[in-house]
Structure formats: structure tokens, C-alpha cells
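Number of protein chains: 2
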Amino acid sequence: MKLLFEPKFDLYVDIITSEAKKSRDIIQLQWGELASVPPERVKDFFVEAFEKGLTHYSLPHGDLMLREVIRRKLRERNGIVADIDNIIVTAGGTAAISFVFRVVAGDGGFIIVQDPSWFGFSGIARYVGARIVRLREYDYSYEALERAKSEIRRLGGELRIVVMNYPSNPTGYVFDIETMKEVIDFAEDNDILILSDEAYEDYVFEGKHISTASIKGFSHIVSVFTISKTYSFTGLRIGYAVGPKKIIDAMALAQVHTYISPPSINQYVARRLLEENIAKGIVEKNLKLLKQNLAVVKEFVEANEWEIIEPKGGIYAFIRLPGINSAEFSLRLLREEKVAVAPGIDFGENWKEWLRITIAKSKEEIQEGLKRISRFYRRFHH
Amino acid sequence: MKLLFEPKFDLYVDIITSEAKKSRDIIQLQWGELASVPPERVKDFFVEAFEKGLTHYSLPHGDLMLREVIRRKLRERNGIVADIDNIIVTAGGTAAISFVFRVVAGDGGFIIVQDPSWFGFSGIARYVGARIVRLREYDYSYEALERAKSEIRRLGGELRIVVMNYPSNPTGYVFDIETMKEVIDFAEDNDILILSDEAYEDYVFEGKHISTASIKGFSHIVSVFTISKTYSFTGLRIGYAVGPKKIIDAMALAQVHTYISPPSINQYVARRLLEENIAKGIVEKNLKLLKQNLAVVKEFVEANEWEIIEPKGGIYAFIRLPGINSAEFSLRLLREEKVAVAPGIDFGENWKEWLRITIAKSKEEIQEGLKRISRFYRRFHH
Numbered sequence: 031m032k033l034l035f036e037p038k039f040d041l042y043v044d045i046i047t048s049e050a051k052k053s054r055d056i057i058q059l060q061w062g063e064l065a066s067v068p069p070e071r072v073k074d075f076f077v078e079a080f081e082k083g084l085t086h087y088s089l090p091h092g093d094l095m096l097r098e099v100i101r102r103k104l105r106e107r108n109g110i111v112a113d114i115d116n117i118i119v120t121a122g123g124t125a126a127i128s129f130v131f132r133v134v135a136g137d138g139g140f141i142i143v144q145d146p147s148w149f150g151f152s153g154i155a156r157y158v159g160a161r162i163v164r165l166r167e168y169d170y171s172y173e174a175l176e177r178a179k180s181e182i183r184r185l186g187g188e189l190r191i192v193v194m195n196y197p198s199n200p201t202g203y204v205f206d207i208e209t210m211k212e213v214i215d216f217a218e219d220n221d222i223l224i225l226s227d228e229a230y231e232d233y234v235f236e237g238k239h240i241s242t243a244s245i246k247g248f249s250h251i252v253s254v255f256t257i258s259k260t261y262s263f264t265g266l267r268i269g270y271a272v273g274p275k276k277i278i279d280a281m282a283l284a285q286v287h288t289y290i291s292p293p294s295i296n297q298y299v300a301r302r303l304l305e306e307n308i309a310k311g312i313v314e315k316n317l318k319l320l321k322q323n324l325a326v327v328k329e330f331v332e333a334n335e336w337e338i339i340e341p342k343g344g345i346y347a348f349i350r351l352p353g354i355n356s357a358e359f360s361l362r363l364l365r366e367e368k369v370a371v372a373p374g375i376d377f378g379e380n381w382k383e384w385l386r387i388t389i390a391k392s393k394e395e396i397q398e399g400l401k402r403i404s405r406f407y408r409r410f411h412h
Numbered sequence: 031m032k033l034l035f036e037p038k039f040d041l042y043v044d045i046i047t048s049e050a051k052k053s054r055d056i057i058q059l060q061w062g063e064l065a066s067v068p069p070e071r072v073k074d075f076f077v078e079a080f081e082k083g084l085t086h087y088s089l090p091h092g093d094l095m096l097r098e099v100i101r102r103k104l105r106e107r108n109g110i111v112a113d114i115d116n117i118i119v120t121a122g123g124t125a126a127i128s129f130v131f132r133v134v135a136g137d138g139g140f141i142i143v144q145d146p147s148w149f150g151f152s153g154i155a156r157y158v159g160a161r162i163v164r165l166r167e168y169d170y171s172y173e174a175l176e177r178a179k180s181e182i183r184r185l186g187g188e189l190r191i192v193v194m195n196y197p198s199n200p201t202g203y204v205f206d207i208e209t210m211k212e213v214i215d216f217a218e219d220n221d222i223l224i225l226s227d228e229a230y231e232d233y234v235f236e237g238k239h240i241s242t243a244s245i246k247g248f249s250h251i252v253s254v255f256t257i258s259k260t261y262s263f264t265g266l267r268i269g270y271a272v273g274p275k276k277i278i279d280a281m282a283l284a285q286v287h288t289y290i291s292p293p294s295i296n297q298y299v300a301r302r303l304l305e306e307n308i309a310k311g312i313v314e315k316n317l318k319l320l321k322q323n324l325a326v327v328k329e330f331v332e333a334n335e336w337e338i339i340e341p342k343g344g345i346y347a348f349i350r351l352p353g354i355n356s357a358e359f360s361l362r363l364l365r366e367e368k369v370a371v372a373p374g375i376d377f378g379e380n381w382k383e384w385l386r387i388t389i390a391k392s393k394e395e396i397q398e399g400l401k402r403i404s405r406f407y408r409r410f411h412h
């Protein structure tokens, strides 16, 4: 039987994660999960949800009360003024991205993503039938986007979406407000959608996170947020998006045709987490840890004459080990030194000498991991 | 901005559900949810899962321990002998169907579904880019399938999937073993996939449910099951599928690119429900109720000179009220008599005079609902 979507897990980070799960003593720096655990009160929230009888399907756009709490959060924390009709709850932020890609670019439409960028974007695009082009993140400007648009048209294609993921995975890049304004102007002038992926909104190292949609409204923006990263709770699978009603409605229909609705009890837990504003303490603790660990990484980078793209936020360090082939290096690093990292090649073909390591771990893990990476690098390289 | 997937909620049952949610005193017979509630122990399972730290992403195919429990359930209860690699856990059975449709027929491939059939099939097909043709369920045979295949080829298309949903939604139809064998032979001879949707496996009124994949293995079958219907727990969003490894792997990749993995705590709850075999008591109670309610429906059908397709299982009664336009009838029924039903038109254009009502409610609700339907029918019709 012919398959349209070959089961080729072509990401090295997946291979590495699978292998890493087989052993107990691996230092796992490959994955985007925070070291902290979700607050204990989550247990009570699950029980409450059950006792309230929230065991049924929810509405296509998600639970109304959760959406009301999200509406308030968006206004108070993100400066995004939205109506409940502009909000959808999804099974994690990834589902929101998948639905946007499908309904706006699923007929072979083009999507601009950052270079390097989260491997998920290209995988999702392929799955829904859209195409990816990459633009260096510090090159995002009205002119560069216009050039990219013309180039895409020359190829017979059509630019539909510009992704802005910030703080970025993997580099921790944060767009400044002037750049955001240019991208918004470009999107409005050309009737193109901005997908603003703000999953790491809480982890900005200096200053405050600025949401794209707080600048001039969201006539051409769908902004995606998640419970996963803020509360160290990727397993809850609850994210949300805000945007133009018509697109949000199309996403809701996509959701119905994919898994009906996000799990109801999980939506209640998300609501309670947001209502009680439990994030604050967690985020402060995490931020402190992230900055501390970043300093450790920078020390190692300097001592080894590696290179780092200085992150302005996020939970990763993206570092260059000159001369390596990231895929081979990472696979052998796992087997020989029991450290799992994400190879740069997964983030774009320009990044073969780079590795992404999570800095959202204990200082000891980061230090031990880097010690082994550095030891292995000397062995690998010489 | 042009949308590829217009936000057109074209199902009347969705409109009716939305309206019904606004009012508290509606008799809700429109939706496929059982009257019973999930067992109390679910609360403990949620707490256990949290205490075990199951708050992270799971593997692309789902949690290993859950898949092992599913493997045993499939062998013991369904007579399906599978390896763990043949099993995937998804966010409800719907997600499994969506992924199969996408990876096997998402390029405009054709899918045969029963007529009438669950409206989800056509919605999902449209979303992933596949096409639907309908075949009366009692016409499923080697010959009829061959004719349908030729007809599709004449249209320039290609038949990829034959759906067998039994006990069927909406008619409660159950395929006999001879028919199943013919469909399997047809699938094997023509290298076509059978999607065996057995969501209602527990609700067969006479005899035992026979799984398609227990007859000759699953070289050309993906079978879909769910926790939702068995445990009255649609809000958990956990289903699973078993099939050829290559297709299961493609589905796992589809899952990664849609929402990464099903929620981890929900997978643990599903595992404990299956391990403890908690279904037994619930299912027996539900079955008794379903049969009792079916008798009530049949009385009303006879007294009113309506028509019913006698269900052999499932949780619905599909009835014909001669002369009605099901969409208009259902909308007015909701507004004027406060009873929500699913209009036949949602299940195929041949079913304009039909209504689907859930029989998985209390006897009193069914009786009161039918009394009002009958009263309204007389008013509507005369």
C-alpha cells in the first residue's frame, strides 16, 4: 500500500530521544522541557474537574470559561484586546500551528520561518501540504520579506504566512518592536498572515515580552501561547490562540475534524492554573535558573573556543562546535558520553556545526553535560 | 485573506448542540454520549499519574505501558494478535481516523463509507483532502466494492480505503462475518485498506462483537477503538488503533506534527481503566438500559407509524418521520419543544426524513423526548 506520508522519522533529535529513553543515566539536554515540576495543586484541579462532571466533549473552540480566563490573561499580560470569539483552545500550541498552516497554506502555499527554526515548523508544513522558506531572523524586515515574496512568486508559489517565533527556539532571539512593526506593515500591505509563536513568552531575560498583536491589533496575526512551557506541563497538552474570528473559526472546524475537542478535564486544569496566576512563582524561579545556566554555558563556550548565539530569552543555548557534523557528533555523544542534545542540522541545513542544549535543567546537570561534551569534542575532533 | 478551509459549520447537529448548550432544560438526544458517568476511581488515577510525574510529552506512538495493556486487551477481548509496534495511542479515536485518511488518501484518494454514516467521516476527509463515496451498508460485498472501485476509476480517481463502522453510527448496523470476509478479500486482492471503526464494540445487542482483524490478521486493516464510549468518558480524548507497522508509524508521525502526543496523564488514566477491567460493570448496565430504551423507541415508532432501522447494537436509534425535512424539523423541535436531536441530513443526503436519537439516556428522558417529538410531528406535519 502506497503511503502519502512515509513514516520517516528524519529528525535526529527523535532518534536521540528514543535511544535516550532506553537508559536511565542519560543527561537529557535535548528536549524543550523545564526542570521544574507543575504545582502540587494540579492534583486538586484534576479531582475538582472530575467532580464537576467535566468528562464530556467540549465546544469546538474549547471551554467557554477557560476562554474567558484566557481573554483576561491576554489583555492583562499581553496587551492583546480580544473578544471570546477570537480565542480557541487547542491540544497544545502545536495543534494551533498545525491548524493555521493547514487552513491558510495547505495547498502548497509558502511559509517563511526563521533560520534556524524549530524543526516542528517544517514537519507540520509537510504534513499539511505547505512549503517552507527560511530567512535569517536578524534579516526580518519589510524589504527582506518583499524580496522573499518576489522570489517565491518567481518559483510559481504564493507567500501566505510569516512565522515569528520569539523568544526563539533554538536561538533565544527576540524581535525588537521596530522589526515587529515592519513585519506587521508588510503583512497588512500584502494580506499575509503572521503566525506569532510566543510559547516562551515568560522567559525573556531582559525587559518585558512584547506580543505582536499588542502593537496594532490582530487583523493579520494569529498568536499562539501554551500552558506547557510556563507551568512545566507539556503533558497537559493545552495551548491557545488568538486571532481574526474567521481564521479562529476555521481552526475550530479543523480541530473538530482532527480530535473533536481538547480533553475537558485538562482544560479545567488550565483554567485553574491561569485563574490562580500560579505561574508567577514558577517563572521567577525558572528565569533565575536559566540565567545562571546560561552563564555556565558561556564559560564553557569561551574556554573551548566554541561559539554561541547569545539568547535574549527562551530555554535553550545554541552553540557552535567548529568542525563537527552535528548528527554524527550527537549520536556518538549519546552512546559514548551519555549526553543527549539536539543536533543543529534539525534546525536547518546551515547549522551542521551547531548543537541545541536545554538550559532549563539543574546547574549540576548542565555542568556535567558540558564537561562531557567538551571531553568528547576533543576526542572527536583530534 | 483567502482560507482553504472555510469556517462553515455545515452540520445541523453542531448548530443544534450550540443552541442546546445555552439553555439548561433541553432534553439532549443529539449527541453520542452515554448517560452513565465514568467510575469514581478515575479521580485516584489522575492523582496517581501526577504523583508518578507523568507530566511530560510521551512517545510519538503513545505511552509504552499503555500500549502493552492495549496489546493484551486486543488479544483477549478482540482476538487480535498484535505486537506493540502495531499499536498507536491517539487523542480519541477520531484522531486515528484523521491520520489514516491523511496518510493513505490525503491526495484526493477515495474512501467508501456506509450510507448513512457518521458525519465525521466526510468532514475529516474534506479536511485532509480525501474524497468520500457512499455505499448502503447492507450492500457491502466483493462485487459491490468492485463496482464502486470501477466507478471511481471512471471518475479518474483511486479507491484507497473502505470504512466499516459497526455497530454503526447512526443505524446500529453490524456486519456479519461472511460480509467481513468478502470485504477483507476485496481489500487484499486490490491492496486497499479497511478502516474498521469499532468505537461501539461493547454495545452489541445479541451475540458477541467480532473484530475484522481477528478473522485473517490485519495486513490490510487498521482497527480503531476508543476509551470514550466504553467508559462514558469522551472528555478524556484517548483512543487507539492497531494495524500494519508501516501505517501505524506514519500515523505516529502525523500525530507528532499535529499535537506531538496525547496528554500523558490521560494515557495513564486509560491504562488503569483497561488494567482494572472496569468496563465490565458499566457496559452491562449500559447495555440493559440501551435495550430497554430501544423498546420504548420502537413503541413510539409503531404508534406514530414512523419507521426505524432496527439497530443490532450501538447507542442510537435512527428513525424516519415521513414527510419531514430533518434540518428544519430539528431546529424547530429544539426551539419549540426543547428537544435536541441529530437530523438525518447530516448522515447523507438520502436521509432527509430521518432523525438520529441517542438511546443512551435515562428511560424518562427518552420517553419525554419522544412524547414531545411525536406532539411536534403532528403539529409540524398537519
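Taken in sequence, the protein lines are chains A and B.
Counting the first sequence from 1 gives a position; the working numbering is that position plus 30.
Counting the second sequence from 1 gives a position; the working numbering is that position plus 30.
In this text, a Cβ means the ideal position worked out from N, Cα and C, and glycines have one as well.
Here the structure is a predicted model, which means the values were calculated and not measured.
(message) Taking 9 angstroms as the threshold (beta carbon to beta carbon), is B/ASN316 in contact with chain A?
(response) Translated into positions along the second sequence, residue 316 of chain B becomes position 286. No, because no Cβ of chain A sits closer than 9 angstroms to the Cβ of B/ASN316.
(request) State the CB to CB distance for the pair B/GLY92 and B/SER258, rounded to an integer number of angstroms; the pair is presumed to be in contact (CB under 8 angstroms). (result) Working through the second sequence from its first residue, we reach residue 92 of chain B at position 62. Working through the second sequence from its first residue, we reach residue 258 of chain B at position 228. Between B/SER258 and B/GLY92 the Cβ distance is about 16 angstroms, and since that is not below 8 angstroms, they are no contact.
(message) Would B/SER249 and B/VAL67 be called neighbours here (beta carbons separated by less than 9 angstroms)?
(response) Along the second sequence, read from residue 1 onward, the residue named residue 249 of chain B stands at position 219. Along the second sequence, read from residue 1 onward, the residue named residue 67 of chain B stands at position 37. Result no, Cβ atoms of B/SER249 and B/VAL67 do not sit closer than 9 angstroms.
(request) May I ask you to list the residues that DSSP assigns as paired with B/GLY269? (result) Against the second sequence, residue 269 of chain B aligns to sequence position 239. DSSP lists B/THR120, B/THR256 as partners of B/GLY269.
(message) To be precise: take each residue of the segment 292-306 of chain A, compare its Cβ to all Cβ atoms of chain B, and keep it if any distance is under 8 angstroms. Which residues remain?
(response) PRO292, PRO293, SER294, ILE295, ASN296
(message) Let me confirm a value: A/GLN60 is counted as buried when at least 16 other C-beta atoms fall within 10 Å, else exposed. Which label applies?
(response) As a first step, residue 60 of chain A is located in the first sequence; it is residue number 30 there, counting from the start. It counts as buried.
(message) Give me the subset of the segment 271-285 of chain A whose CB atoms are less than 9 angstroms from a CB atom of chain B, sorted by chain position.
(response) PRO274, LYS275, LYS276, ILE277, ILE278, ASP279, ALA280, MET281, ALA282, LEU283, ALA284
(request) Establish whether the CB of A/TRP148 and some CB of chain B are separated by less than 9 angstroms. (result) Taking the first sequence and counting its residues from 1, one reaches residue 148 of chain A at position 118. No, A/TRP148 does not count as interfacial toward chain B.
(request) For A/HIS287, count neighbouring Cβ atoms within 10 angstroms of its own Cβ and tell me buried if that reaches 16, exposed if not. (result) As a working note, residue 287 of chain A is residue 257 in the first sequence. Under this definition A/HIS287 is a buried residue.
(request) Report the three-state DSSP secondary structure of B/GLY343 (helix, strand or coil). (result) Position 313 of the second sequence, counted from the first residue, corresponds to residue 343 of chain B. Of the three classes helix, strand and coil, the one that applies to B/GLY343 here is strand, per DSSP.
(message) Once DSSP output is grouped into helix, strand and coil, what is the label at B/SER53?
(response) What you label residue 53 of chain B is simply residue 23 of the second sequence in a count that begins at 1. It is coil, neither helix nor strand.
(request) Compare the C-beta of B/LEU266 against all C-beta atoms of chain A and say whether one is closer than 9 angstroms. (result) As a first step, residue 266 of chain B must be located in the second sequence, where it is residue number 236. Yes, because at least one Cβ of chain A sits closer than 9 angstroms to the Cβ of B/LEU266.
(message) Rounded to whole angstroms, what is the Cα-Cα separation between B/PRO69 and B/ASN316?
(response) To locate residue 69 of chain B, count along the second sequence from 1; it is residue 39. To locate residue 316 of chain B, count along the second sequence from 1; it is residue 286. When rounded, the distance between both Cα atoms is 13 angstroms.
(request) Taking only the alpha-carbon atoms, compute the straight-line gap between B/ILE56 and A/ILE345 and give it to the nearest angstrom. (result) As a working note, residue 56 of chain B is residue 26 in the second sequence. As a working note, residue 345 of chain A is residue 315 in the first sequence. In a straight line, the C-alpha of B/ILE56 is about 49 angstroms away from that of A/ILE345.
(request) May I have the straight-line CA-CA distance separating B/VAL246 from B/SER180, to the nearest angstrom? (result) As a working note, residue 246 of chain B is residue 216 in the second sequence. As a working note, residue 180 of chain B is residue 150 in the second sequence. Just to set this straight, residue 246 of chain B is Lys in the shown sequence, not Val. Their backbone Cα atoms lie some 25 angstroms apart in a straight line.
(message) One question on the structure: do B/ILE403 and B/ILE387 come within less than 9 angstroms of each other, judged by their Cβ atoms?
(response) Numbered from 1 along the second sequence, position 373 holds the residue referred to as residue 403 of chain B. Numbered from 1 along the second sequence, position 357 holds the residue referred to as residue 387 of chain B. Yes, the pair counts as a contact, with Cβ atoms nearer than the cut-off.
(request) Go ahead and label B/ILE100 buried or exposed: buried means 16 or more other beta carbons lie within 10 angstroms of its beta carbon, across all protein chains shown. (result) Locating residue 100 of chain B in the second sequence gives position 70, counting from the first residue. So B/ILE100 counts as buried.
(request) Run down chain A in chain order and give the residues with a C-beta less than 8 angstroms from the C-beta of B/LEU165. (result) The residue you call residue 165 of chain B lines up with position 135 of the second sequence. Simply none; closest approach about 20 angstroms.
(request) Can you tell me which of the three DSSP states B/GLN144 falls into? (result) The count along the second sequence starts at 1 and reaches residue 144 of chain B at position 114. Three-state DSSP puts B/GLN144 in a strand.
(request) Buried or exposed for B/MET281, please, with buried defined as at least 16 other CB atoms from any protein chain shown within 10 angstroms of its CB. (result) Indexing the second sequence from 1 puts residue 281 of chain B at position 251. Looking at its Cβ environment, which holds 16 or more other Cβ atoms inside 10 Å, B/MET281 is buried.
(message) Does chain A have any CB closer than 9 angstroms to the CB of B/VAL77?
(response) If you number the second sequence from 1, residue 77 of chain B lands on position 47. It does; some Cβ of chain A falls within 9 angstroms.
(request) State yes or no: is the beta carbon of B/ARG183 nearer than 9 angstroms to at least one beta carbon in chain A? (result) Within the second sequence, numbered from 1, the residue matching residue 183 of chain B stands at position 153. Output row for B/ARG183: interface = no.
(message) I want to verify the contact list: residues of chain B whose CB lies under 8 angstroms from the CB of A/GLU36, in sequence order.
(response) The count along the first sequence starts at 1 and reaches residue 36 of chain A at position 6. By Cβ distance, chain B contributes ALA280.
(message) Just checking: is the beta-carbon of A/GLU413 within a distance shorter than 9 angstroms of some beta-carbon in chain B?
(response) Nothing about residue 413 of chain A can be read from this structure; chain A reaches only from 31 to 412.
(request) Please report the Cβ distance between B/ARG190 and B/ILE224, rounded to the nearest whole angstrom; I am assuming they are in contact, meaning their Cβ atoms lie under 8 angstroms. (result) Residue numbering aside, residue 190 of chain B sits at position 160 when the second sequence is read from its first letter. Residue numbering aside, residue 224 of chain B sits at position 194 when the second sequence is read from its first letter. Actually they are not in contact, since the Cβ atoms of B/ARG190 and B/ILE224 sit about 11 angstroms apart, beyond 8 angstroms.
(request) Let me know the secondary structure DSSP gives A/ARG71 once reduced to three states. (result) In the first sequence, residue 71 of chain A corresponds to position 41, counting from 1. It is coil, neither helix nor strand.
(message) Assuming contact is defined by CB atoms lying nearer than 9 angstroms, are A/LEU415 and A/ILE182 in contact in what I supplied?
(response) Any property of residue 415 of chain A remains undetermined from this structure, which presents chain A solely from 31 to 412.
(request) Find the nearest neighbour of B/GLU340 within the set B/GLY202, B/ASP40, B/VAL326, judged by alpha-carbon distance. (result) The count along the second sequence starts at 1 and reaches residue 340 of chain B at position 310. The option with the nearest alpha carbon to B/GLU340 is B/GLY202.
(request) Return the chain-ordered ranges of every alpha helix (DSSP H) run that is complete within the segment 128-172 of chain B and spans a minimum of 4 residues. (result) 149-158
(request) Note down, one range per segment and in chain order, each beta strand (DSSP E) of at least 3 residues found wholly within the segment 375-411 of chain A. (result) 384-388
(request) Compare the C-alpha of B/ARG177 against each of B/ASN220, B/PHE377, B/ASN195 and name the closest. (result) Along the second sequence, read from residue 1 onward, the residue named residue 177 of chain B stands at position 147. Taking only the C-alpha atoms, the option nearest B/ARG177 is B/ASN220.
(message) By the DSSP assignment, the beta strand (DSSP E) with B/ILE191 in it spans what residues?
(response) Within the second sequence, the letter at position 161 stands for residue 191 of chain B. Looking at the DSSP string, the run of the beta strand (DSSP E) that includes B/ILE191 is 189-195.
(message) Classify B/SER253: buried if its beta carbon has 16 or more other beta carbons within 10 angstroms, exposed otherwise.
(response) As a working note, residue 253 of chain B is residue 223 in the second sequence. When all chains shown are included, B/SER253 counts as buried.
(request) Sort B/ARG408, B/VAL369, B/LEU351 by Cα distance to B/VAL43 and report the nearest one. (result) Position 13 of the second sequence, counted from the start, is the residue given in the question as residue 43 of chain B. It is B/VAL369 whose Cα lies nearest to the Cα of B/VAL43.
(request) Please state whether DSSP places A/ASP227 in a helix, a strand or coil. (result) Reading the first sequence from its first residue, position 197 is the one you call residue 227 of chain A. Looking at A/ASP227 - three-state DSSP - the assignment turns out to be strand.
(request) Taking A/LYS415 as part of the alpha helix (DSSP H), name the residues at either end of that continuous run. (result) Absent from the model: residue 415 of chain A. The displayed extent of chain A is 31 to 412, so no value can be given.
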